Amino acid sequence: MATGPALRKLASHRSIHEGAYVEARDLTLVTERLLNDERKDDCLKAAKALAEHWETRVIAHADAEEDGLYKEILEENPELKKEIHMLTRDHDLLRIILDQIKEKLGERLVTREMIDQFKSLLIVNEIHSRSEESKLLKE
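Position 98 of the sequence shown, counting from 1, maps to 727 under the numbering used here, and the rest follow consecutively.
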């Protein structure tokens, strides 16, 4: 699958990362506030929306990178194999953490541990995005 130009240019790719990150961060803060205020039903709705955001924005973006961008870059620059492997592992970690969250959401309960997992997604994604931008993308 050929990669669109937005994924190959640093500025537009960074914009994609930043938009998804800011939205996830803000939804995480709202979810945590609702948990602290013991608004269980609203908190559950917010947590579900947050999990959906990670699935449709971040994981879908990761899938597109793995299906196109990473393969193309690897063909052009085989010496980047280790970096691409590490970036793919980051995606795997995001998927694993999100799957754990979704399993708990199936129990219709938001916990402090779940909030910590949402925050860990933010941390892993931030590190991943900066690494990807510095190692694979050009102006």
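Don't be surprised by glycine CBs; every beta carbon is placed ideally from N, CA and C. All values reported here derive from a predicted model rather than from experimental measurement.
Since residue 660 is in the alpha helix (DSSP H), which residue starts that stretch and which ends it? What you label residue 660 is simply residue 31 of the sequence shown in a count that begins at 1. Start and end: 639-665.
Is the CB-CB distance between residue 718 and residue 688 below 8 Å? Here residue 718 corresponds to residue number 89 of the sequence shown, with the count starting at 1. Here residue 688 corresponds to residue number 59 of the sequence shown, with the count starting at 1. Taking 8 Å as the Cβ cut-off, residue 718 and residue 688 do not qualify as a contacting pair.
Please confirm if the segment 751-758 is in contact with the segment 641-653, defined as three or more CB-CB distances below 8 Å between the two stretches. yes
Rank 763, 661, 642 by C-alpha distance to the C-alpha of residue 742 and give the top, closest one. Counted from its first residue, the sequence shown places residue 742 at position 113. Among 763, 661, 642, the Cα nearest to that of residue 742 is on 661.
Between the Cα of residue 694 and those of 669, 665, 761, spot the shortest distance and give me the residue it belongs to. Translated into the one-based positions of the sequence shown, residue 694 becomes position 65. The alpha carbon of residue 694 has as its nearest neighbour, out of 669, 665, 761, the alpha carbon of 761.
Are the segment 727-744 and the segment 664-680 touching by the rule of at least three beta carbon pairs closer than 8 Å? yes
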